[in-house]
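Student: This is the structure, below, for whatever I ask next.
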Amino acid sequence: MAITSTKNLKEFSTANDRFEGAHLLCPGCAHSMIVRELMNCTDDNLVIATNTGCLEVSTAVYPYTSWDTSWIHIGFENAATAAAGAEAMYKARKRKGTLKNPDAPVKFVAFGGDGSTYDIGFQWLSGAVERGHDFTYICLDNENYANTGGQRSSSTPIGANTTTAPAGRVSYGKKENKKDMMAIMAANGAHYVAQVAPNKWKNMAQAFQKALATEGPCYINAISACTTEWKFDSKDTIHVSDLATDSLVFPLYEIIDGHELNITYRPKNVIPVRDYLAAQGRFRHLFKPENEHVIEEWQKRVDANWERLQRREEARV
Amino acid sequence: MALKYELQEVEVWDGNYAASHALRQAQVDVVAAYPITPSTPVVENYGQFVADGYVDGEFVMVESEHAAMSGCVGAAASGGRVATATSSQGFALMVEVLYQASGMRLPIVLNLVNRALASPLNVRGDHSDMYLGRDAGWIMLDSFNAQETYDLNLCAFRIGEHRDVRLPVMVNQDGFITSHTAQNVRPLSDEDAYKFVGVYEPIDELLDFAKPVTYGAQTEEDWHFEHKARQHKALIDSRPVIENIFVEFEKLTGRKYNRVESYMMEDAEVAIVALGSTVESARVVAKYLRDNEGIKAGIVAPRVIRPFPFDAIRTALENCKAIGAMDRSAPGGALGMLFNEVSAAVYTTSSRPIVTNYIYGLGGRDLTLEQIKDIYRELKKNADAGEITTKIQQFVGLRGPKLEFFETRRG
């Protein structure tokens, strides 16, 4: 893998931005941090497809666009297939010699929220990965349908209060566990899979670079803390992200070719899951005595998962 | 470089095979497709052409028809020639993306091999899928036999890719009757066909990084109306472009196409308006009735369904007295599409011919020559009486008691 060096903070802050700041995302939204870093970590030309969702509706409202690169949005579910179609056309035209700039390196990237990735676009993503298109799919995972006002998705964790899995007098909110897209994509045949978070930005840039340098389909699950629907102050996005990675609710790791698992970030001080939950309004009701069991079970699940990841890392299978 | 395919002056092809050869000769860059009866052979044959080196494109077999059209959109936005094929349920599944393809003004060619829509599940030909797509903003061409399927595919690339048009184009053919019936087809040589279709000229492509483009932006009440209005205008304004391409095609092949095809209409008193292979059956019947019963029968058939040939169909029908609009699609609680659109067109003439509606052939039910004769005889009765002598909408070829609705108040 040819990995270009990661920019340092100064270089990052002064680099030519291919994602314009004048977009309509909420103040404190992590989406733009992730997108900017993707576009900053490579000098290659980018064709970006984006599913309907917060990112799309906030960055391409006619007659404006935030994208100083090739960009396409079709529908809620099919960015992976749009990227696949573009990649197929690139291959055909390269072979036939009809590209305007045949030697320019090109990378194909698709963005989707968790609603479009875990739920409505699951089939399109799975199909594009199975067919082996040379592209990277990045899920901006904020664990709910934020664009439509905070409904549950299959990425929403157990116990979260959402508008369609509300907490109430007799309910602690969503009853089901979050779907494990990392395992699914690794099993689906993605050549490189990684979970990243914007607070660990160098780690994230390295994962992006690995994915872009890997031939074939790659999947990145990027945790995107949502100030609006997770209900924390917009200045606390990175703080909440730190709590997410340091509590190991969102462990950062990669899976190469479906079997080689590497943990890419080990917190020096692991903090309790309850500290992560306590920072967000969507979990406030879990701290009532009758719901405490959800937090306890969650901690056990996180511990078991961390154990599982470490075993997988050792086993190399 | 693709290998040349040696063709006979006359080949025996069915509609599907004819479509596959047209796609091959156009040297399509990307076909993204998903199989469904009866259109499957279009992409199977094409896949074989790719495997044998007769076309140098990417053949992407995706996991659904929705993905097929999504892949076509991504590919077409990347500056090359794109085509696919589908039918029925598959077409229904891709409807969402049909609107997006036309809204982004991407010249994709779609072979729609017409088949009924479930439920009940049915694989046979009717025009339910064609009707489902009629507001999707695509140019819609209709072929009545395999030769026309071939010819119209070649024309479809020219029309859709024309700088003044830039719209996706559907080529319809009747499931099984056209798609699976081997017929004589006179193809062009590979050189002549490609010369006619021409080299694809990319416009606003995703792969031109000197000029980044944003496809699929959002517009709300401030701009959406203007965009959709311009799209409609582009469709309406494509009429002369289509006509010019048909003229060019005639010069090359001697085969003449028109936005509206008229047969025996010069002195016709009664006319059937129909689509697909029914047009050919009606021609046989009209000639018989002229020879044997003295009924001045004619046929009018929209070759171009969208943009609807409001002008040309009115001209074609203006001088007849009674019209039977034949709809091969379940009307779903309304009058048939052809009835509504033909009625609207002739209503703006001073003669205002009488129009009645016949629903027939759903799910592949045969329409016999005898049934068509009876329809013409009814139309003749209407013409002589100067009013509708039957119910306005009648079902033809249906089992059980006669199904008919609505009476005229003209008189």
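Those sequence lines, one after another, are chains A and B. Quick note: the first sequence uses the working numbering, first residue 7, plus one each step. Quick note: the second sequence uses the working numbering, first residue 758, plus one each step. Heads up, the beta-carbon is just placed ideally off N, CA and C, and yes, glycines get one too.
Spatial neighbours of residue 96 of chain A within its chain, please: C-beta separation below 7 Å, excluding the five flanking residues on both sides.
Tutor: If you number the first sequence from 1, residue 96 of chain A lands on position 90. These residues qualify, in order along the chain: 112.
Student: Shorter than 8 Å from the beta carbon of residue 823 of chain B to some beta carbon of chain A?
Tutor: Along the second sequence, one-based indexing puts residue 823 of chain B at 66. Yes - at least one Cβ of chain A is within 8 Å of the one on residue 823 of chain B.
Student: Quick one: what's residue 1028 of chain B bridged to in DSSP?
Tutor: Residue mapping note: residue 1028 of chain B aligns to position 271 of the second sequence, counting from 1. Looking at the DSSP assignment, residue 1028 of chain B forms a beta bridge with B/1055 and B/1080.
Student: Considering only residues of the same chain and omitting the five flanking positions on each side of residue 1002 of chain B, which have a CB-CB separation below 8 Å?
Tutor: In the second sequence, the residue the question calls residue 1002 of chain B occupies position 245. Correct list, in chain order: 912, 915, 916 and 919.
Student: Count the CB pairs spanning the region 919 to 935 of chain B and the region 1069 to 1083 of chain B that are closer than 8 Å, and state whether there are at least three.
Tutor: no
Student: If you count every other CB in all the chains shown that lies within 10 Å of the CB of residue 176 of chain A, and 16 or more means buried, which is it?
Tutor: Against the first sequence, residue 176 of chain A aligns to sequence position 170. So residue 176 of chain A ends up on the exposed side.
Student: How about residue 857 of chain B: is its C-beta nearer than 8 Å to some C-beta of chain A?
Tutor: Here residue 857 of chain B is taken as the residue at index 100 of the second sequence, counted from 1. Taking 8 Å as the threshold, the shortest C-beta distance from residue 857 of chain B to chain A falls below it.
Student: Among the residues of its own chain, which have a CB less than 6 Å from the CB of residue 45 of chain A, if the five just before and after it don't count?
Tutor: Against the first sequence, residue 45 of chain A aligns to sequence position 39. Result list for residue 45 of chain A: 24 and 25, in chain order.
Student: Just to check my reading of the structure: residue 83 of chain A and residue 130 of chain A have Cβ atoms closer than 8 Å, yes? What is that Cβ distance to the nearest angstrom?
Tutor: Walking along the first sequence from the start, residue 83 of chain A turns up at place 77. Walking along the first sequence from the start, residue 130 of chain A turns up at place 124. Contact holds; Cβ gap of about 5 Å.
Student: Mind listing, in chain order, the continuous alpha helix (DSSP H) runs of no fewer than 4 residues lying wholly within the region 816 to 902 of chain B?
Tutor: Taken in chain order, the whole alpha helix (DSSP H) runs of length 4 or more contained in the region 816 to 902 of chain B are 822 to 833, 845 to 850, 852 to 860 and 885 to 889.
Student: Within its chain, find whatever has a CB closer than 7 Å to the CB of residue 7 of chain A; leave out the 5 residues flanking it on each side and keep chain order.
Tutor: Against the first sequence, residue 7 of chain A aligns to sequence position 1. With a pLDDT of only 42 at residue 7 of chain A, under 50, the local geometry of the prediction cannot be trusted, and the value read off the model is given with reservation. Around residue 7 of chain A: 216, 219 and 220.
Student: Which same chain residues end up closer than 7 Å to residue 256 of chain A when comparing Cβ atoms and leaving out the 5 residues on each side of it in sequence?
Tutor: Counted from its first residue, the first sequence places residue 256 of chain A at position 250. Contacts found: 201, 203, 229 and 250.
Student: For the pair the region 803 to 820 of chain B and the region 964 to 981 of chain B, tell me if three or more CB-CB distances fall below 8 Å.
Tutor: no
Student: For residue 969 of chain B, go through chain A and note every residue whose CB falls closer than 8 Å to its CB, in chain order.
Tutor: For the purposes of this step, residue 969 of chain B is taken as the residue at position 212 of the second sequence. By Cβ distance, chain A contributes 73, 74, 75, 76 and 77.
Student: State the DSSP-derived secondary structure class of residue 78 of chain A, mapped to helix, strand or coil.
Tutor: In the first sequence, residue 78 of chain A corresponds to position 72, counting from 1. Note: residue 78 of chain A maps to strand in three-state DSSP.
Student: In chain A, which residues lie less than 8 Å from residue 912 of chain B when you measure between Cβ atoms?
Tutor: Translated into positions along the second sequence, residue 912 of chain B becomes position 155. The premise fails here: residue 912 of chain B is roughly 23 Å from chain A at the closest Cβ pair, so nothing lies under 8 Å.
Student: So what does DSSP say about residue 784 of chain B, is it helix, strand or coil?
Tutor: Taking the second sequence and counting its residues from 1, the one referred to as residue 784 of chain B is at position 27. In the three-state scheme derived from DSSP, where H, G and I count as helix and E and B as strand, residue 784 of chain B is classed as coil.
Student: Over what stretch of residues does the alpha helix (DSSP H) that includes residue 53 of chain A continue unbroken?
Tutor: Start at 1 with the first residue of the first sequence, and residue 53 of chain A comes out as number 47. Where residue 53 of chain A is concerned, there is no enclosing alpha helix (DSSP H), although the beta strand (DSSP E) it sits in stretches over 51 to 56.
Student: Does residue 844 of chain B get closer than 8 Å to chain A when you measure Cβ to Cβ?
Tutor: By 1-based counting over the second sequence, the position of residue 844 of chain B is 87. No - not a single Cβ of chain A is within 8 Å of the one on residue 844 of chain B.
Student: Three-state secondary structure (DSSP) at residue 943 of chain B?
Tutor: In the second sequence, the residue the question calls residue 943 of chain B occupies position 186. Coil at residue 943 of chain B, not helix or strand.
Student: Counting only C-beta atoms, is residue 964 of chain B closer than 8 Å to chain A at any point?
Tutor: The residue you call residue 964 of chain B lines up with position 207 of the second sequence. Yes, residue 964 of chain B counts as interfacial toward chain A.
Student: Just checking: is the beta-carbon of residue 805 of chain B within a distance shorter than 8 Å of some beta-carbon in chain A?
Tutor: Within the second sequence, numbered from 1, the residue matching residue 805 of chain B stands at position 48. So, not an interface residue.
Student: Identify every run of the alpha helix (DSSP H) within the region 960 to 1038 of chain B, keeping only runs that are complete inside it and at least 4 residues long; order them along the chain.
Tutor: Fully enclosed alpha helix (DSSP H) runs of 4 or longer: 981 to 1010.
Student: Any residues in the region 975 to 993 of chain B with a beta carbon nearer than 7 Å to a beta carbon of chain A? Which ones, in chain order?
Tutor: 975, 976 and 980
Student: Based on DSSP bridge pairs, tell me the residues matched to residue 1063 of chain B.
Tutor: As a first step, residue 1063 of chain B must be located in the second sequence, where it is residue number 306. BP columns for residue 1063 of chain B point to B/897.
Student: Between residue 123 of chain A and chain B, is any beta-carbon pair separated by less than 8 Å?
Tutor: Taking the first sequence and counting its residues from 1, one reaches residue 123 of chain A at position 117. Judged by the 8 Å Cβ criterion, residue 123 of chain A is not in contact with chain B.
Student: Between which two residues does the beta strand (DSSP E) containing residue 927 of chain B stretch?
Tutor: For the purposes of this step, residue 927 of chain B is taken as the residue at position 170 of the second sequence. Here the beta strand (DSSP E) through residue 927 of chain B covers 926 to 931.
Student: Do the region 99 to 106 of chain A and the region 73 to 89 of chain A meet, that is, are 3 or more Cβ pairs less than 8 Å apart?
Tutor: no
Student: Measure from the alpha carbon of residue 866 of chain B to the alpha carbon of each residue in B/883, B/776 and B/798, then state which is nearest.
Tutor: Taking the second sequence and counting its residues from 1, the one referred to as residue 866 of chain B is at position 109. Closest option to residue 866 of chain B, Cα to Cα, is B/776.
Student: Could you check the C-alpha separation between residue 264 of chain A and residue 321 of chain A for me, to the nearest Å?
Tutor: The residue labelled residue 264 of chain A in the question sits at position 258 within the first sequence. The residue labelled residue 321 of chain A in the question sits at position 315 within the first sequence. Going from the Cα of residue 264 of chain A to the Cα of residue 321 of chain A covers about 13 Å.
Student: Going by C-alpha distance, which of A/212, A/232, A/208 and A/304 is nearest residue 153 of chain A?
Tutor: Along the first sequence, one-based indexing puts residue 153 of chain A at 147. Closest by alpha carbon: A/232.
Student: Is residue 763 of chain B buried or exposed, if buried means 16 or more other CB atoms sit within 10 Å of its CB?
Tutor: Locating residue 763 of chain B in the second sequence gives position 6, where the first residue counts as 1. Exposed, because fewer than 16 other Cβ atoms sit within 10 Å of the Cβ of residue 763 of chain B.
Student: Output the distance between the C-alpha atoms of residue 70 of chain A and residue 214 of chain A, rounded to the nearest integer angstrom.
Tutor: Counting from 1 along the first sequence, the entry for residue 70 of chain A is found at position 64. Counting from 1 along the first sequence, the entry for residue 214 of chain A is found at position 208. So the two alpha carbons sit approximately 27 Å from each other.
Student: So what's residue 116 of chain A in DSSP terms, helix, strand or just coil?
Tutor: What you label residue 116 of chain A is simply residue 110 of the first sequence in a count that begins at 1. Note: residue 116 of chain A maps to strand in three-state DSSP.
Student: State yes or no: is the beta carbon of residue 7 of chain A nearer than 8 Å to at least one beta carbon in chain B?
Tutor: Counted from its first residue, the first sequence places residue 7 of chain A at position 1. Because residue 7 of chain A carries a pLDDT of 42, less than 50, the predicted location of this residue cannot be relied on, and no value is offered for it.
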